[in-house]
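To start, the structure under review is shown below, and the notes come after it.
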Amino acid sequence: MVSAIYPLAAALASAFLLGLLHERQRAPAYAITLGVLGFMTLTAASWVWGFAQTGQAGFEIYTAGVAPPFAISLRLGLAEASLMLLINLTGLLSAIHLQAPLLAHGRRAMAVLLIAVMALGGLVMTRDLFNLFVFIELIVIATGGLVLLSDDPRAVVAGFKYLIISQLVTVFLLIGIIFAYHGTGTLNIDGMAMTTMGLASGGALAFFLMFIAVVIETKPFPANGWALDIYESAHPAFAAIFSAASAAAALFAVDKLLLIGGSDWLPIATGIGILSFVGANLLALPQTNDRRLLGYSSIAQTGLVLVVLGQRDLLGDHTLYVAGGLLLANAVAKAGLFWLSDLIPKREPAAWAALRHHPLALFAFATLLALLVGLPPFPSFYAKWDLVHPLADAGRLWLLGLILFGTLLEAGYLFRWFGYSLKREAPALTGSLVSPRFGVVLVAVAAAWLLALLWGELSVHDNLLLAVPLAFALAFLALDWLPARVKNALAITGLVAYFALTYTDYDPLRMIFAVIFLLGSALTMLAGFDVQGRRPGFYPSVMLMLAGLIMLIRATDSFAFFAAWEVLTIGSYFLILRGKRSEPHALSYLLFSFGGALAMLAGFALAAQGAPSIELVALAQVAESVAPWVFLLLAIGFMTKTAAIGLHIWLPGAHAEAELDVSPMVSGILLKAGLYGLMVLLLAMGTQRLAGVDLVDLLLWIGALTAFLGNLMAIFQEDAKRLLAYSSIGQMGYAIFGLALMNHLGWLMALMFVINHYIYKSMLFLAVGGVARRTGTRQMFLMGGLITLMPLSFIAVMIGIIAMSGVPPLSGFGGRWIFYNAILATDARLPIALIFLSGPIAFLYLFRLIHTIFLGQLKDEHRQVKEAPFWILLPQMIYVAILIVAALVPGLLLRHVDQYLTEFFPFGALNWEGLRITSDFGYWNPVAIMLTIGVIFMLLLSWLLFVNRRAQKVKQFNIVFSAERPYRPETTHFAWNFFAPYRKAMGFLVQPLVTRFWDLITQTLHGIGEMTRRIYNGNAQTYAFHLIGFVVVVFLLGPGGTA
Amino acid sequence: MVFIAMAAGFILILIGFYGALTNRNLLRMIVSFTLADTGVHIVLVAVGALPGRTAPILDASVPVAEAVTRIVDPVPQALVLTAIVIGLGVTTLMLAYAYRLFAQKGTLDIAKFTELKW
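Just so you know, the protein sequences line up as chains A and B, in that order.
The first sequence begins at 1 in the working numbering and counts up by one.
The second sequence begins at 1044 in the working numbering and counts up by one.
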């Protein structure tokens, strides 16, 4: 191993040597700078490799050949080596990025950069307090110099503010150090930790001063206005160092000091950290400058790491893994994003749309954001999971709640930003992507994926990156250059092949979902053959969603389940975001899903009771004291996906604005994930009571209300796809209701709904999507009379609504029949009434699909409309066939499920004898019904043909309308506001109260952020007051103040 | 004597802080910080001082063998030297900044430099 002294010495020496070069020899000076930084990086990499390979413990390096306290000592261990690698690499890459300004400013700027990197490394390695002070001051001076590399004249002010703050820090630090030395007789950190310092009265104060000085270097909220100004105005490559390297070094220094302070000071670190995390994320919400936004996020993340350091008493040796995961994730993401920001022409976040036409840049942006938010498979995902579990076990629920709240805020503004990048007007990039400036961003992206692999390997859980479905989905990223049809064929083959390979693994319940998720999606994807060109980004997204879905049903423990949940959420978010006007809807989808996921995370953490994860079947054995809470949290999580009433507002927009073949997927397939979750939950935990309320009863009510209100809202829609979307809300309500009945038939009905809803919703969305494609509108009142022009679409819709409304002879009737049997067995009268009422309401809106789109008068502009494209029709026709087969022999799949359910609900199983299905209350013979209906239909039809045979055909504009000639077909086709009387009577029930409620919440949060950030009034003296106030408050609240 | 030095040091620090927080003129702020710095230096030396002992310079008058009993604690003295040097560096940098700021706006009023905020 190269001695730790060499890199420091090399940087120092070459910084001096640069001074010997002639002012004009800038290229050689730059080459030396890069060479030294490269050497430092390689050395650090060799250390990391060495420690990782040998598992060797860290060791001390005595600089003057004598042991402390008589000389300064450095320490080098795995943590130090990793941080050195981070710092040096960030320095090197930033130096590459800074090529132009460095060459313009000459050797002095390069020397300052070398000193900065060296000092940051020194801060990490040193074990001596006074040495710590020296390195901090070197960082201050170097920062003061490097800030000036910016083209922004305001950077000068920012640098000055920073110097003022650091003067205050210097005073605190020196006074603290000298009194600590006085109390202990040593300057060595470990020596001081051992003497436990006459920490009595003066000692505690001395420690406090040192501690707070170093904490301020981590830019804690709210004493951090100066840091934000630097983030905003400095050169982005320096901001990268400031965010990635400086914060990492400062955090490590805090950790070293905590060694001296002992466990008394851990709560203080936690408190400062959580305040920063939540506060900075809240203030980031109203940000309009991308770099300042990144600055806020950086402060928040640093705060979170501080929380982890403060939880050392819980995490023990695992602290390094958790803190390291969060810290490295933030550092890599921030450095990459700051570097990337240099290619963006303007500073408002919406200008990041410039990346839109550059897939690689967009991929980099997405990767870095995912890394920052902590989505799987990135290290911060593992870290957050491992942080939350001990917190839940130790009962630190407030902290846990605040962490999750902050995480949600962060996801909110980061994904809003991502939405801009895809949807807003795209300006031109300010530079070429074939340049070192973008090259360094790609290094960050590569580092992100490497870290993902590494953290997966190191974790006690499975390595997510190695999961076959996820790897298959990610492979589509590399294949994105292929034509869409080739990718479509590959995707379908992959789905079918995976089913063929794994179908023996599933029990009947999971089989239903596996069939829908794998084969069902393959079927829907046939529509994808309709798309010409490359369709960039589509396949990675859809495969990510499907990978998540399939991992969900294969998961056996809570970690795998949760990871799958997030994967499917993020995949479907990308998918929904592809729609033309879907930016706000995709965001609201993501926020509800992510919020739900965080509720699930809390639920799983509570359930695990200290274990790293919990088997899903073990949910049944959760201690009674927490079980109802676990149930509640998990149920809320799942219900965000099924769009239960109150959590439903994302669905209509998300489903309606999605692309033609995406709507059937996110509706027919994705919604089932929530139902699956609820099933797993209910099977494991059964009924729970909280404060005297039976939670399953609550679920029953939610199901009934969702069904009723969802359907009611559907009837007032003018947009065909929105109508279908609202109807999905209602349908999911039925399914939840069925599950909450907690009896055999209720579950059977829910499962039947799962299958049926998949079939007819996919079919209807495809059919309506095809019509919308051809007519160029989704507004139903602008259509009409399309029956002759689009007969196949008409048939699909016709069959679809017959199936869905539950009239005989199609499979919907089977569902109804089981459903009526199921509710006969319960005594929840009021919700049953609601559910009954929603049936006829469903007729109302389904009728409109036929009446308004296909019947009535053809509009002038639609006279040339053609039938929907072949590939859109093909899956629909297959669905029609499936519906008819399912209607004739429902037992094909259902009887296995019925049998399987007997395990859990022994009573009330159906009797499948021949063609007849018998329940306790009656029987159902699908074939007989089909025949009866068929005969009646044929009879009526032939009678109609018979009486109509002499009828005269009347063309559309024939004068038969009471002598008034209709110039516009609209006037003869009543379609708009079709249910006006109902609206008058029941409109009060569909007031957008829930939307208003959630709007109010987001507005309040924004308002708080907007108001609070006014404390940063830009005045350096105000910032100094903040700092002093912060120090005083921390002192009064800390162990020093109360002692 | 040590007490007086210590007290003087802390008073200087407080005066420095007060001056830096109440004066809006950049140069006055910088001067205030140098006052505070000086106060810190005095405190540093005062902490290491032992009454009746001599400077930690080992020469003919203080043989090595007797050093432990005759000199004051050398560590704070070493520290204060470093601190003075660093203080000089930072002060110089601040003055350079003040010059640049004045060149930008023709004023030294700190309250005029608030474009970066929120």
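In this text, a Cβ means the ideal position worked out from N, Cα and C, and glycines have one as well.
These numbers were taken from a predicted model, which means no experiment stands behind them.
Query                                                                                                                                : Result
Integer Cβ distance of methionine 1057 (chain A) from threonine 569 (chain A), believed to fall under 8 angstroms                    : Because residue 1057 (chain A) is not part of the residues shown, which for chain A are 1 to 1043, the question remains open.
Three-state secondary structure (DSSP) of asparagine 1017 (chain A)                                                                  : coil
Under 7 angstroms by beta carbon: chain A residues contacting glutamate 1143 (chain B)                                               : Note that residue 1143 (chain B) is arginine in the sequence shown here, rather than glutamate. Those within 7 angstroms of arginine 1143 (chain B) in chain A are Val156.
Under the three-state DSSP convention, the category aspartate 694 (chain A) falls into                                               : strand
Exposed unless 16 or more other CB atoms sit within 10 angstroms - verdict on glutamine 311 (chain A)                                : buried
Boundaries of the beta strand (DSSP E) in which isoleucine 645 (chain A) is found, first to last residue                             : First-last for isoleucine 645 (chain A): undefined, no H or E at that position.
Per-residue burial, isoleucine 1047 (chain B) [other beta carbons within 10 Å of its own, 16 or more giving buried]                  : exposed
Where phenylalanine 472 (chain A) falls: helix, strand or coil (DSSP)                                                                : helix
Short Cβ contact (8 angstroms threshold) for leucine 552 (chain A) with phenylalanine 574 (chain A)                                  : no
Residue-level contact to chain A via CB, isoleucine 1054 (chain B), 8 angstroms cutoff                                               : no
Chain B within 8 angstroms of valine 214 (chain A), Cβ atoms only                                                                    : no
Within chain B, the residues that phenylalanine 1025 (chain A) reaches when beta carbons sit closer than 7 angstroms                 : Leu1064
Contact with chain B by alanine 1043 (chain A), beta-carbon distance below 8 angstroms                                               : Note on alanine 1043 (chain A): pLDDT 46, under 50, position unreliable in the model; the coordinate value appears next. Alanine 1043 (chain A) does not count as touching chain B.
Terminal residues of the beta strand (DSSP E) in which serine 73 (chain A) lies                                                      : 73-76
The segment 1126-1158 of chain B: positions lying closer than 7 angstroms to chain A by Cβ                                           : Ala1126, Ile1129, Gly1132, Val1133, Leu1136, Met1137, Tyr1140, Arg1143, Leu1144, Gln1147, Ile1153, Ala1154, Phe1156, Thr1157, Glu1158
Range of the contiguous alpha helix (DSSP H) that encloses arginine 26 (chain A)                                                     : 26-54
For tyrosine 62 (chain A), the first and last residue of its enclosing alpha helix (DSSP H)                                          : No alpha helix (DSSP H) contains tyrosine 62 (chain A), which is instead part of the beta strand (DSSP E) from 59-62.
Reference histidine 757 (chain A), options A:Leu681, A:Leu741, A:Ala735, A:Val771, closest by Cα                                     : A:Ala735
Cross-chain neighbours of proline 1117 (chain B) in chain A, by beta carbon under 8 angstroms                                        : What proline 1117 (chain B) touches in chain A: nothing, since even the nearest Cβ is about 11 angstroms away.
Through-space distance from phenylalanine 753 (chain A) to isoleucine 787 (chain A), alpha-carbon basis                              : 29 angstroms
Beta carbon proximity, methionine 1049 (chain B) to chain A, threshold 8 angstroms                                                   : no
Among A:Tyr1016, A:Ile759, A:Phe594, A:Tyr503, nearest to isoleucine 799 (chain A) - alpha-carbon criterion                          : A:Ile759
Contact with chain B by asparagine 1017 (chain A), beta-carbon distance below 8 angstroms                                            : yes
Pick from A:Val147, A:Thr407, A:Leu387 that is closest to leucine 163 (chain A), judged by C-alpha positions                         : A:Val147
Coarse secondary structure for tyrosine 589 (chain A), derived from DSSP in three states                                             : helix
Asparagine 188 (chain A) - DSSP class collapsed to helix/strand/coil                                                                 : strand
Start and end residues, beta strand (DSSP E) containing glutamate 1010 (chain A)                                                     : Where glutamate 1010 (chain A) is concerned, there is no enclosing beta strand (DSSP E), although the alpha helix (DSSP H) it sits in stretches over 993-1012.
Proximity test, Cβ basis, 8 angstroms: phenylalanine 1076 (chain B) and chain A                                                      : yes
Simplified DSSP state of asparagine 743 (chain A), which is helix, strand or coil                                                    : coil
Same chain, Cβ closer than 6 angstroms to leucine 1144 (chain B), five either side skipped, listed in chain order                    : none
Glutamate 913 (chain A), enclosing beta strand (DSSP E) - first and last residue                                                     : 911-913
Residues, ordered as in the chain, of the segment 171-198 of chain A that lie near chain B by beta-carbon distance below 8 angstroms : Val171, Leu174, Ile175, Ile177, Ile178, Phe179, Tyr181, His182, Leu187
8 angstroms Cβ cutoff met for glycine 191 (chain A) and proline 68 (chain A)                                                         : yes
Residue from B:Met1137, B:Ala1050, B:Val1107, B:Arg1071 with nearest C-alpha to alanine 1089 (chain B)                               : B:Ala1050
Within chain B, partners of glycine 159 (chain A) - CB distance below 8 angstroms                                                    : Tyr1140
Cβ contact check for the segment 444-457 of chain A and the segment 373-386 of chain A: 3 or more pairs under 8 angstroms            : yes
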